[in-house]
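Engineer: Can you keep this structure in mind? I'll have questions shortly.
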Amino acid sequence: MKFVLVGIATLAVLCGVGQVAAADGKAVYEKSCAGCHEDKAMPEGLSLGNKAAWAPRLKQGSKAMVDTVIKGSFPMPPRGGAKNDADARAAVEYIIDKLK
């Protein structure tokens, strides 16, 4: 019986660990994206403040934007330098919110 309780407790902890808080899009953007996207000399004018340059990408939708970031697009490396897909997605969502 003791082993069953230990097993259940272990499973509960592991399930809780799987529910990590969502990535902070602003923090990911500032760490991984801002170095390029805050620069006014960005190719195609893709600085965060240039809403007109982002308009065609926004029309494609967030999924297309996330897919592009995850794959990378020269000169942007895969995930835009973020650690993982979830962080990249959070940063894209932050960018989209800032462009509204």
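Counting in this note's numbering, the sequence shown runs without a single skipped number right up to 112 at its last residue.
For each residue, glycine too, the CB sits at the ideal point set by N, CA and C.
Quick caveat: nothing in here was measured; it's all calculated off a predicted structure.
Which residue marks the beginning of the alpha helix (DSSP H) containing Pro-68, and which one marks its end?
Structural biologist: 63-72
Engineer: Over what stretch of residues does the alpha helix (DSSP H) that includes Glu-105 continue unbroken?
Structural biologist: Here the alpha helix (DSSP H) through Glu-105 covers 97-111.
Engineer: Report, in whole angstroms, the separation of the C-beta atoms of Tyr-106 and Lys-38, which I expect to be a contact under 8 Å.
Structural biologist: Contact between Tyr-106 and Lys-38 holds, since their C-beta atoms are separated by about 5 Å, short of 8 Å.
Engineer: Between which two residues does the alpha helix (DSSP H) harbouring Cys-48 extend?
Structural biologist: 46-49
Engineer: Tell me which same chain residues have a C-beta within less than 6 Å of the C-beta of Asp-99, skipping the five on either side of it?
Structural biologist: Ala-35, Val-40
Engineer: Just checking my contact of Arg-91 with Val-81 at CB under 8 Å: how many whole Å lie between their CB atoms?
Structural biologist: With 8 Å as the limit, Arg-91 and Val-81 qualify as a contact, their Cβ atoms being about 6 Å apart.
Engineer: Return helix, strand or coil for Met-54, following the three-state DSSP convention.
Structural biologist: coil
Engineer: When DSSP builds the beta bridges, which residues end up paired with Met-88?
Structural biologist: The partner list for Met-88 (beta bridge, DSSP) reads Ser-85.
Engineer: For the alpha helix (DSSP H) that contains Ala-39, what are its first and last residues?
Structural biologist: 37-40
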